[in-house]
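Everything on this sheet refers to the single structure shown next.
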Amino acid sequence: MALRPPHPWGIIGHEAILELLPRLKAATLLFSGPEGVGRRLVARWYALGLNRGFPPPFLEAHPDLLEIGPKERGLRGEAEVRLEEVEPLFDWFQSHPRERFKVAILDAAHLLTEAAANAFLKLLEEPPSYGRIILIAPSGETLLPTLKSRALEVAFGPVPEEKLRALTQDPDLLAYAAGAPGRLHKALSDPLAFQERLKMARRVLQSPSLERLGLLEELLAEEEGFYLLRAFLQNRPRALLALDRAREALEAYVSPNLVLAHLALDLEL
């Protein structure tokens, strides 16, 4: 049975970051780290804290907070943040905040197109005095150097498993989460769907190569499939390395058919 996390916002872990953020004065922050560890939730906490004081009492919509980014992204990396998604920021920052600060959260900043990045750079170079910007990306290395150099990086790591046990004791769920509360919450919200994907991941590893290829295409159509396989491969380092390399290749737009065919064979290792 899932329990409510002790933090009133549902934030799990990251205590040192929550203590540090109110003391930072940088106009632009980069929240880096693995997907699902809580970067977006902490960004909203920080944005509201700037206007309502720390710690903000509860999560609420706020007129001085604007979030932009791509639609949900699959493993094959089709999404991008385009110029038309960034442009509303410029007009929005022209007006003064209703309270203290206007805060923009740019999700998946590493997916900015060249045109969007160039336009966004002008805002980072001359932000208004009441403006704060939070970039969310896997790491500073995934950003253009010109963007990275204008942001103070706050690195988020995986949440220790003992903290996730406030949500579940299920070993399969904890292995799948791999320190990411967001991933765990999603699985807990639809346990039947999670169990079906879990069965498919087991079939992938138990099937012959030809059948495995078709199962991989279905399982890895969503990013969750990668984490399910990873949970089963912790004691198989060569196969785990092959899976990580396949993911990198898919995100680099290498032919999915070729990548998955190689992976189907490599999982025999």
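Residue numbers (the working numbering): -7 to 261. Glycine included, every Cβ here is placed at the ideal spot set by N, Cα and C.
Determine the DSSP secondary structure at leucine 252, reduced to helix, strand or coil.
helix
Name the DSSP beta bridge partners of phenylalanine 46, please?
In the DSSP output, where bridge partners are listed per residue, phenylalanine 46 has none listed.
Following the continuous alpha helix (DSSP H) through alanine 213, name the residue where it begins and the one where it ends.
Here alanine 213 belongs to no alpha helix (DSSP H), and DSSP marks it neither H nor E.
Buried or exposed: which applies to phenylalanine 224, given that a residue is buried once 16 or more other Cβ atoms fall within 10 Å of its Cβ?
The residue is buried, with at least 16 neighbouring Cβ atoms inside 10 Å.
The alpha helix (DSSP H) spanning phenylalanine 186 covers which residue range?
183 to 198
Can you name, in chain order, every residue of its own chain whose Cβ lies under 6 Å from the Cβ of phenylalanine 186, other than the five neighbours on each side?
Ala179
Could you compute how far the alpha carbon of phenylalanine 148 sits from the alpha carbon of alanine 100?
15 Å
DSSP on isoleucine 126, reduced to helix/strand/coil?
strand
Mind checking alanine 39: buried by the 16 CB within 10 Å criterion, or exposed?
Alanine 39 comes out buried.
Which of the three DSSP states, helix, strand or coil, is assigned to arginine 65?
For arginine 65, the predicted structure reports a pLDDT of 48, less than 50, and the residue's modelled location is therefore unreliable. The matter cannot be settled from this model.
Would you give the residue range spanned by the alpha helix (DSSP H) that leucine 242 belongs to?
Leucine 242 -> alpha helix (DSSP H) spans 229 to 243.
Does the count of Cβ pairs from the segment 100 to 113 and the segment 121 to 137 closer than 8 Å reach three?
yes
Does the separation of the CB atoms of arginine 222 and alanine 170 fall below 8 Å?
yes
Determine the direct distance from the alpha carbon of isoleucine 126 to that of asparagine 227, and round the result to whole angstroms.
37 Å
Would you mind working out which of Ala19, Ile60 and Lys155 sits nearest glutamate 97, comparing C-alpha positions?
As written in the sequence, residue 97 is isoleucine, which differs from the glutamate given in the question. Ranking Ala19, Ile60 and Lys155 by Cα distance to isoleucine 97 puts Ile60 first.
Among all the DSSP beta bridges, which residues are the ones paired with alanine 96?
Leu58 and Ile125
The alpha helix (DSSP H) spanning leucine 156 covers which residue range?
That run of the alpha helix (DSSP H) goes 153 to 156.
Lysine 114: buried (16+ other C-beta within 10 angstroms of its C-beta) or exposed?
Exposed.
Measuring CA to CA, which of Leu42, Glu52 and Arg74 is closest to alanine 107?
Arg74
I'd like to confirm the pairing. Which residues does DSSP put opposite alanine 147 in its beta bridges?
DSSP output for alanine 147 lists Ser24 as bridge partner(s).
What I want to know is whether the C-beta of histidine -1 ends up closer than 7 Å to one or more non-hydrogen atoms of the ligand MN.
Summarising the ligand content, the structure contains no ligands, and the ligand MN is consequently not present.
Work out the CA separation of tyrosine 219 and aspartate 258 for me, nearest whole Å.
17 Å
Span of the alpha helix (DSSP H) holding tryptophan 1?
Where tryptophan 1 is concerned, there is no enclosing alpha helix (DSSP H), given that its DSSP letter is neither H nor E.
Give the C-beta separation of arginine 15 and aspartate 56 to the nearest angstrom, bearing in mind that I take them to be a contact with Cβ-Cβ under 8 Å.
Not quite, the Cβ-Cβ distance comes to about 20 Å (not below 8 Å), so this is no contact.
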